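Take a look at the structure below.
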Ligand SMILES: C[S@@+](CC[C@H](N)C(=O)[O-])C[C@H]1O[C@@H](n2cnc3c(N)ncnc32)[C@H](O)[C@@H]1O
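In our numbering, the protein residues as written are -19 to 544.
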């Protein structure tokens, strides 16, 4: 099958040689980033959780500060339409030829020029690129749901070859769902493919379900430990055994007499009513069941879960951890091209893998950075690079021109604030961003931001002051490209101070983009943990018992990235 060689041609031929280095967060369209930056056969594991063609706009709802403060941010529009752009994407896939082109043409015959075809035309070149970057020992997991999983499986068959399909994993993502006209839809699908038969595979285990435990672990010892009855006789075992008499019973046993004595001394042997010895196999010593393709033991994220950040499509760390442990080894490179709030990146970091995360919104990239700092400490910022974000004032101007909403998200992210406003255009009654901080026990205070990409006029300071009074905020910050005039600075200086236990902080503060890029932050009560704008990810503590298994390798230093 033409497209199954390790270097599918056509779709990526026109790009310059790629450089892949250490842990990296890329801001940008993953198709472009993959083509420009990620080398052939340099990645061990891909997990992708693309936004889905469900005809819905995903909004981020940060509601932890109450309804009034809730900000809706359009993180991404989860809709594809059949339009000139998707028609061009379709054409590009078809022109590249091979199995993927054949599959895509067949889709058009089957489903016509529909929104689903637009979605598949978007996915096709990305899957081709992901296949290209996988090592021969690599694996890919595509997370989707039943609406498109059947089409995506055909597409993956075309990209990888049907023989490289390994599993369709069903993840029960919610406990119950009421669908008026059919069965409640409670599962997601993960399609698991390998680059070749040499793919990395480590056996992973899942907890037994309660029915299994009830049925098989029927006994309890004097200390309350559950166990199942294990065979000590070697009857029926092909390898033979040891024939001797034990407590009046002569049999071929599985273990030599010395081991039997030891087990007896440890209290691990019990006797049936007929006096027949059996082995106690303790539940708390069992690794569990080798993982099956139906996952009911990975809990969906609930509002009270510490790892929940408020990102609507956030997946559980345990889900990412399972497939990372199964399909990669320590030091391997894990790539998530739709990384959202960074679940895969976080799990990869915890498990001592190297990682590459890509997302098309500054909001996501900002969230991932905060998440990593919260979990692993600020030192982690020295261990990865961020590519695609503006690093100079000129870059920032380009971004502001191309996409004012992304520019705002980026500028606010520089000081740990987030975008306010319910849509791309609007803003929230003169407020472009907010930052919440704690002062004293449980009081939440806020800083209100106004971001101006264009010409500055003195009225902006007055307006901000008015908004601050109206909203009951403590501090107002005006961010601009232009230097504020002397008059504006004087007006800001006359606005007074916010008094906190840590000192006096100017009530109106003016910051240019240059100052923010140079690291000049906002003057506010800045004690550790004061900023509570984003829900904080729990810090990794290798000693915490509930996370021990997952994070025990977190302390390992990631090796310097060298994909050759
Ligand atoms: C379903 S979410 C992923 C959630 C993620 N698994 C997590 O646990 O947070 C999909 C993400 O893909 C991003 N995205 C959509 N189109 C993209 C593209 N072309 N390139 C890169 N990222 C994209 C969206 O911004 C969104 O954050």
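A virtual CB, placed ideally from N, CA and C, is assigned to each residue, including glycine. The structure displayed is predicted, hence computed values, not measured ones.
- Contact check for residue 501 and residue 395: beta-carbon distance about 6 Å, within the 8 Å limit, so the pair qualifies.
- With a threshold of 16 other beta carbon atoms within 10 Å, residue 10 meets it and is buried.
- Scanning its chain for C-beta atoms nearer than 6 Å, with the 5 sequence neighbours on each side dropped, one finds around residue 340 the residues 9, in chain order.
- With a cutoff of 7 Å, residue 322 counts as near ligand 1, since its C-beta is closer than that to a heavy atom of the ligand.
- Considered as a whole, the segment 285 to 352 harbours 297 to 307, 323 to 330 as its complete alpha helix (DSSP H) runs of no fewer than 4 residues, in chain order.
- With fewer than 16 neighbouring CB atoms inside 10 Å of its own CB, residue 192 falls in the exposed class.
- If one requires a minimum length of 3 residues, the beta strand (DSSP E) runs lying completely within the segment 442 to 486 are 455 to 460, 477 to 480, 483 to 486, in chain order.
- Counting along the chain, no alpha helix (DSSP H) covers residue 278, and no H or E run does either.
- Distance from residue 360 to residue 347 at the Cβ level is roughly 14 Å; contact not present, criterion being Cβ atoms closer than 8 Å.
- The beta-carbon separation of residue 84 and residue 104, rounded to 6 Å, stays under the 8 Å limit for a contact.
- Shown here, residue 63 sits in coil according to DSSP, grouped into three states, outside any helix or strand.
- Using a Cβ distance threshold of 8 Å, residue 99 and residue 136 do not count as a contacting pair.
- The alpha carbon of residue 186 has as its nearest neighbour, out of 306, 288, 125, the alpha carbon of 306.
- Note that the C-beta distance between residue 106 and residue 317 is below 8 Å.
- Annotated three-state conformation of residue 190 is helix, per DSSP.
- Secondary structure of residue 151 (DSSP, three-state): strand.
- Sorting 203, 150, 118 by C-alpha distance to the C-alpha of residue 177 places 118 at the top.
- About 6 Å separates the Cβ atoms of residue 273 and residue 148, confirming a contact at the 8 Å cut-off.
- By DSSP's assignment, residue 170 forms a beta bridge with 123, 149.
- Looking at the DSSP output, residue 82 shares a beta bridge with no other residue.
- Within the same chain, and ignoring the five residues on either side of residue 210 in sequence, the residues whose Cβ sits closer than 6 Å to its Cβ are 259, 261.
- Shortest Cα-Cα distance from residue 480 to any of 489, 461, 505 involves 505.
- Beta-carbon to beta-carbon, residue 296 and residue 278 are separated by about 6 Å, close enough to satisfy the 8 Å threshold.
- Excluding residues up to 5 positions away in sequence, 441, 488, 490 lie with their Cβ nearer than 6 Å to the Cβ of residue 472 in the same chain.
- Secondary-structure assignment with DSSP links residue 427 through a beta bridge to 415, 455.
- In this structure, the CA atom of residue 200 is about 27 Å from the CA atom of residue 217.
- Following the DSSP letters along the chain, one finds residue 393 inside the alpha helix (DSSP H) bounded by residues 384 to 393.
- Looking from the CA of residue 164, the closest CA among 156, 171, 170 belongs to 156.
- Beta-bridge pairing by DSSP links residue 257 to 251.
- Residue 210 is bridged by DSSP to 259.
- Distance check between residue 309 and each of 376, 198, 180 places 180 closest, using alpha-carbon atoms only.
- Membership of residue 489 in the beta strand (DSSP E) is indicated by the continuous run 488 to 492.
- The alpha-carbon of residue 81 is positioned some 14 Å away from that of residue 109.
- Burial check for residue 17: the Cβ neighbour count within 10 Å reaches 16 or more, so the residue is buried.
- Spatial neighbours of residue 190 in its own chain (CB-CB distance under 6 Å, excluding positions within 5 residues in sequence) are not present.
- Taking a C-beta distance under 8 Å as the contact criterion, residue 492 and residue 463 qualify as a contact pair.
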